[in-house]
Every structure is written in structure tokens, then in C-alpha cells.
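One structure below.
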Amino acid sequence: MNDQQARSCSVCADAAEHAVIESIAGSDARAVTATGETVTIAIDLVPDAGVGDTVLVQQGVAIGRVPRREIQP
Amino acid sequence: MKYVDEFRDARTIRRLADEIAGLVDPGRTYRIMEICGGHTHSIFRFGLSQLLPDNIDLIHGPGCPVCVLPMGRMDVGLAMAEQDGLIFTAFGDMMRVPGSTGSPLESKARGADIRMVYSPLDALKIAQENPERPVMFFAIGFETTAPSTAVTIMRAKAAGVGNFFVFCNHILVNPAIRALLDMDDMRLDAFIGPGHVSTVIGCEPYRFIAEDYGRPIVVSGFEPVDIMQSIAMILRQMKDGTAKVENQYSRALPWEGNPAARAALDLVFETRDSFEWRGLGRIPHSAYAIREEFAEFDAEKQIGVHGQTFPDPVEAQCGDVLKGAIKPRDCRLFGNACTPETPVGALMVSSEGACAAQYKYADVTIGSTD
Chain A
7 MNDQQARSCS VCADAAEHAV IESIAGSDAR AVTATGETVT IAIDLVPDAG VGDTVLVQQG
67 VAIGRVPRRE IQP
Chain B
118 MKYVDEFRDA RTIRRLADEI AGLVDPGRTY RIMEICGGHT HSIFRFGLSQ LLPDNIDLIH
178 GPGCPVCVLP MGRMDVGLAM AEQDGLIFTA FGDMMRVPGS TGSPLESKAR GADIRMVYSP
238 LDALKIAQEN PERPVMFFAI GFETTAPSTA VTIMRAKAAG VGNFFVFCNH ILVNPAIRAL
298 LDMDDMRLDA FIGPGHVSTV IGCEPYRFIA EDYGRPIVVS GFEPVDIMQS IAMILRQMKD
358 GTAKVENQYS RALPWEGNPA ARAALDLVFE TRDSFEWRGL GRIPHSAYAI REEFAEFDAE
418 KQIGVHGQTF PDPVEAQCGD VLKGAIKPRD CRLFGNACTP ETPVGALMVS SEGACAAQYK
478 YADVTIGSTD
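Those protein sequence lines, which keep their order, are chains A and B.
For the first sequence, the numbering used here gives the first residue as 7, with consecutive numbering after it.
For the second sequence, the numbering used here gives the first residue as 118, with consecutive numbering after it.
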């Protein structure tokens with residue numbers, strides 16, 4: 007559990023965290039979070055996102071593309 | 118950690134505290150509501166209130182979905198959980214939320230099949246792995262969590278999953294803000310807007326707060342510098358006599374939000390005529406229901422519920438805290454009958470609840486009723 011998760015409630019918006027997309031397979035992607043954890047996420051809602059983009063992930067689903075690369079895993 | 122450190126920098130926070138002190142008019146008070154439970158948590162965690170002038174009062178708003186869920190909805194969900202063969206799935210933060218007959222964890226102890234999931238997609242996977250059993254997901258949250266549920270329902274339909282059901286408790290932030298602004302006994306001067314809800318809905322939907330009610334709103338990030346900077350931006354507006362929507366969180370939040378996420382919400386959900394909020398009563402058009410086109414996944418329609426629902430316990434003063442009428446420690450149960458270990462009111466259950474946050478970070482003496 008990283009710092010973000012430790013202070014967050016999963017039903018609340020602030021549990022969302024940023025992750026950088028590393029690879030894409032259909033509607034799913036592998037992404038790396040700010041703490042270096044690799045996760046599988048659904049990217050149905052970020053049709054323009056590509057490898058190298060930062061997305062906001064809430065409960066395993068990317069809900070938005072972050073305008074600038076905010077994190078460096 | 119790059120960027121996080123920068124937004125927790127003590128010198129920057131002190132500089133902003135000085136700027137805020139210079140912006141306030143000592144002859145008046147300022148009641149600023151942070152809408153999001155994540156902001157509430159950060160304010161307590163970093164002791165930000167102590168850095169503000171005494172005449173700035175931060176009101177902790179209804180932005181914790183667990184906290185505003187009426188006990189009756191929990192009762193309905195737990196009644197579903199006790200149906201033969203049903204697998205009840207929910208986020209970990211829901212496991213200790215009390216219904217009138219106990220929490221999901223207590224139902225599990227009584228034999229119900231209660232499973233914690235990280236994502237609604239995990240619940241769908243459980244349904245696909247157990248095709249002979251109904252699987253229900255207890256969906257809860259604002260416009261940030263609703264897209265995850267929408268995607269899951271869309272994937273369930275595409276895959277033809279027939280044993281997956283969603284108990285929809287998704288709520289909407291702006292109808293609640295409007296309801297608060299319309300209350301005769303509430304005085305709110307400005308708002309710190311929710312950063313991640315806005316990732317989905319964008320900043321435009323808040324315009325009514327500025328234009329119809331003349332209140333500034335600054336959408337904010339979650340780090341201490343973000344929140345202090347947002348307060349300074351609010352005070353600058355108030356000093357200039359203006360009221361507008363500003364985006365402090367522009368490094369992560371596009372002004373327009375995410376149209377694709379909103380399209381998914383529109384596809385799967387419709388707004389209910391009204392919905393009950395703990396402490397706030399029924400608020401018109403303040404929650405989602407699953408559209409008829411996806412009714413096969415609607416637990417309220419597909420799973421017969423015979424449970425009896427009960428109102429919230431009257432001894433807890435969650436509603437008064439949610440409206441900012443009292444501070445958490447002013448509740449008669451705070452720190453004695455109601456603690457994070459034995460929560461009576463929902464504000465003590467979730468880590469984002471104002472009571473849980475104050476209890477954890479304010480060095481409360483257990484048992485004190487003063």
C-alpha cells in the first residue's frame with residue numbers, strides 16, 4: 007500500500023492516482039504508478055491516450071488523461 | 118517524490134499562510150466549504166486550519182460518499198447479501214459501514230458471502246468465474262467512481278454476463294452544493310472544488326455557483342500547497358468583489374474534463390427524481406439510476422429485497438457536521454461512543470469522514486465529553 011492509498015478511501019475521488027501507460031492491449035493497458043507499481047487498467051474512457059501518457063486511475067479504470075507528465079516513476 | 122514534495126514544501130506553505138493573512142478583512146468572518154472528503158482529510162492531516170487566521174472557518178462538506186449514504190441504503194444492500202447463494206462485493210471502505218443490523222463484515226461473520234474488491238471490474242470477474250451464482254456489486258461514489266461502474270456494466274453487456282448486478286448508489290456533487298446554498302440556515306461564502314470529480318465533469322458545471330449565487334469556487338488539488346493556494350485564490354476574488362470558477366489544479370485537470378467518461382455515464386445512467394442524503398434529506402436529481410437499456414444489471418430491479426430499512430441513529434449528529442453547523446468534536450458521541458473502532462455515525466467510518474479525520478489527527482482524548 008503506497009502513501010496515496012494509505013490516506014485514501016477507495017469510494018472517494020481522492021483515491022485516484024496517476025499512472026504512466028507502458029503498453030496497450032485492446033481496452034486494457036499496463037501502467038506504472040508514482041510508487042513504481044505496475045498495474046493493469048481499463049482505458050475505455052481515454053480513447054486518445056497512448057504509451058507514455060499519464061492518466062488518472064480510479065478503481066482500475068483510467069478516468070482522465072493528465073495534461074502534463076506529472077510523475078516520474 | 119517529484120511534484121509531491123514540491124506541493125508539501127514548508128516554506129511555500131508558510132509564504133501562502135502569510136499571503137492569506139494579508140488578504141483577510143479582520144472585520145468579517147469567512148466560511149469556506151471544502152466539498153471533497155479528500156480535501157477534508159488533507160486539511161486535518163497537515164494541520165492547515167492552524168495556519169489560517171481565526172476568522173477563516175473551513176466547513177467540511179458532504180464529499181464523502183460513505184458518509185452521506187443513509188443507513189436505509191446499507192440495509193437494502195445487506196438484505197441482498199443475505200439471499201441464498203448471492204455473492205456481495207464492495208470496496209474495502211464499505212466493510213465496516215453500519216446498517217441497522219450490523220456491517221457487511223458482521224454479515225460475513227453470520228455466513229453471508231461478502232467479498233472485498235478493488236474495482237467493479239473485479240466484481241465482474243467474480244461473476245464470470247461463478248456463473249451459477251448471482252454476484253452483486255455495491256456501487257457508491259460521485260462522478261469519479263461512477264465511470265468505473267459504467268465501464269463495468271458496458272463490459273458485462275458486451276460479454277453477455279447474466280449473473281452480475283449493480284446496486285447503484287452513485288451521487289452527484291452539484292445538486293448537493295445547490296441544496297446547501299438554498300438552505301436558509303446555511304451561510305457559505307466560497308467553495309474549494311473537488312479536483313478529481315472535475316476530471317470527469319470539468320469546471321464549467323460549477324458556473325452556477327458563481328453566477329447564480331455569487332460565490333467563488335476554486336477547484337483544487339489535494340496537497341497542502343494546493344489547498345493553501347486555493348484559499349488564497351478565493352480570498353483574492355472576495356477582496357476584488359468578484360465570483361468566478363478557477364482551476365488551481367490545472368497541472369492535472371483539463372478545464373473541459375473528460376467527454377468520453379461523461380458519454381459513458383450518459384449511456385448507462387439516468388438521474389433519479391430525488392435521492393436521500395444522510396443529514397441533508399432528499400435532494401432532487403442528485404443520484405444516478407441504471408437506465409432501462411441496462412436494467413438486466415440493476416440489482417434493485419432484478420434482486421427481490423425483503424429487508425426492512427431503518428433511519429439513521431438520532432443520537433449521532435452527522436447531519437449537523439455535514440452541514441457545518443457543528444464541528445466533529447462538538448458531537449455528543451465523538452471520541453466516546455463513536456470512534457473509528459466502533460463507529461456509530463458514518464462520518465467516523467470512512468477515512469475521508471470529517472470525524473474520522475479529526476479523531477486521527479487532532480490528538481483527541483478518548484472518553485472526553487468536554
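Virtual Cβ for every residue (Gly too), placed ideally from N, Cα, C.
How would you call residue i, buried or exposed, if buried means at least 16 neighbouring beta carbons within 10 angstroms?
i             : result
residue 25/A  : buried
residue 340/B : buried
residue 384/B : exposed
residue 484/B : At residue 484/B the pLDDT is 32, less than 50, meaning the model places this residue with poor confidence; the figure from the coordinates comes in the next sentence. The residue in question, residue 484/B, is exposed, as its Cβ has fewer than 16 Cβ neighbours within 10 Å.
residue 440/B : buried
residue 343/B : buried
residue 268/B : buried
residue 172/B : exposed
residue 206/B : buried
residue 328/B : exposed
residue 486/B : With a pLDDT of only 32 at residue 486/B, under 50, the local geometry of the prediction cannot be trusted, and the value read off the model is given with reservation. Counting Cβ neighbours within 10 Å, residue 486/B comes out exposed, since fewer than 16 surround it.
residue 459/B : exposed
residue 378/B : buried
residue 224/B : buried
residue 13/A  : For residue 13/A, the predicted model reports a pLDDT of 45, less than 50, meaning its position is unreliable; a value from the coordinates is still stated below. By the 10 Å Cβ count, residue 13/A comes out buried.
residue 338/B : buried
residue 7/A   : Because the pLDDT at residue 7/A is just 37, under 50, the model does not fix this residue reliably, and the value given afterwards should be weighed accordingly. The residue is exposed, with fewer than 16 neighbouring Cβ atoms inside 10 Å.
residue 57/A  : exposed
residue 428/B : exposed
residue 23/A  : buried
residue 126/B : exposed
residue 310/B : buried
residue 188/B : buried
residue 122/B : exposed
Using beta-carbon positions only, say whether residue i and residue j come within less than 9 Å of one another.
i             : j             : result
residue 226/B : residue 400/B : no
residue 51/A  : residue 69/A  : yes
residue 314/B : residue 359/B : no
residue 253/B : residue 283/B : yes
residue 345/B : residue 152/B : no
residue 221/B : residue 266/B : no
residue 336/B : residue 312/B : yes
residue 420/B : residue 197/B : yes
residue 380/B : residue 288/B : no
residue 274/B : residue 140/B : no
residue 413/B : residue 285/B : no
residue 131/B : residue 165/B : no
residue 63/A  : residue 41/A  : no
residue 386/B : residue 263/B : yes
residue 330/B : residue 65/A  : no
residue 395/B : residue 436/B : yes
residue 332/B : residue 298/B : yes
Which residues mark the beginning and the end of the beta strand (DSSP E) in which residue i is found?
i             : result
residue 111/B : In this structure chain B extends from 118 to 487, so residue 111/B is not present and cannot be described.
residue 287/B : 281-287
residue 406/B : 405-407
residue 58/A  : Run containing residue 58/A: none; DSSP gives neither H nor E here.
residue 23/A  : 23-31
residue 401/B : 398-401
residue 70/A  : 67-71
residue 44/A  : 44-48
residue 206/B : 204-207
residue 394/B : 391-394
Would residue i count as contacting chain C if we go by Cβ distances under 9 Å?
i            : result
residue 36/A : Looking at the structure shown, chain C is missing, and the protein chains on hand are A and B.
Just curious, the alpha helix (DSSP H) that residue i is in, first and last residue?
i             : result
residue 435/B : 435-439
residue 34/A  : No alpha helix (DSSP H) contains residue 34/A, which is instead part of the beta strand (DSSP E) from 34-39.
residue 456/B : Where residue 456/B is concerned, there is no enclosing alpha helix (DSSP H), given that its DSSP letter is neither H nor E.
residue 292/B : 290-299
residue 140/B : 127-140
residue 382/B : 376-385
residue 185/B : 182-185
residue 190/B : 188-198
residue 471/B : 471-478
residue 417/B : 416-419
Go through the region 226-278 of chain B residue by residue and report every complete run of the beta strand (DSSP E) that reaches 3 residues or more, in order.
-> Those beta strand (DSSP E) runs which fall completely within the region 226-278 of chain B and span 3+ residues are 230-233 and 252-258.
Taking one C-beta from the region 224-243 of chain B and one from the region 336-353 of chain B each time, how about it: are there three or more such pairs within less than 8 Å?
-> No: the two stretches stay apart, fewer than three of their Cβ pairs being nearer than 8 Å.
Are the region 26-35 of chain A and the region 43-54 of chain A touching by the rule of at least three beta carbon pairs closer than 8 Å?
-> Short answer: they touch.
Inter-stretch contact at 8 Å, needing at least 3 Cβ pairs: the region 461-480 of chain B / the region 150-166 of chain B = Note that the region 461-480 of chain B touches the region 150-166 of chain B; at least 3 beta-carbon pairs, one per stretch, sit closer than 8 Å.
Report yes or no: do three or more beta-carbon pairs, one from the region 363-372 of chain B and one from the region 313-329 of chain B, lie closer than 8 Å?
-> The answer is yes - the region 313-329 of chain B touches the region 363-372 of chain B, with three or more Cβ pairs under 8 Å.
Does the region 169-176 of chain B touch the region 139-155 of chain B, meaning 3 or more C-beta pairs lie closer than 8 Å?
-> With the rule of 3 Cβ pairs closer than 8 Å, the region 139-155 of chain B counts as touching the region 169-176 of chain B.
Contained beta strand (DSSP E) runs [length at least 3] in the region 300-364 of chain B, N- to C-terminal order = The qualifying runs are 307-311, 334-337 and 362-364.
Counting Cβ pairs, one atom from each stretch, are 3 or more of them under 8 Å apart for the region 208-217 of chain B and the region 464-472 of chain B?
-> Yes, they touch.
Contiguous alpha helix (DSSP H) assignments of at least 4 residues, all confined to the region 142-182 of chain B = As far as the region 142-182 of chain B is concerned, its whole alpha helix (DSSP H) runs of at least 4 residues are 154-162.
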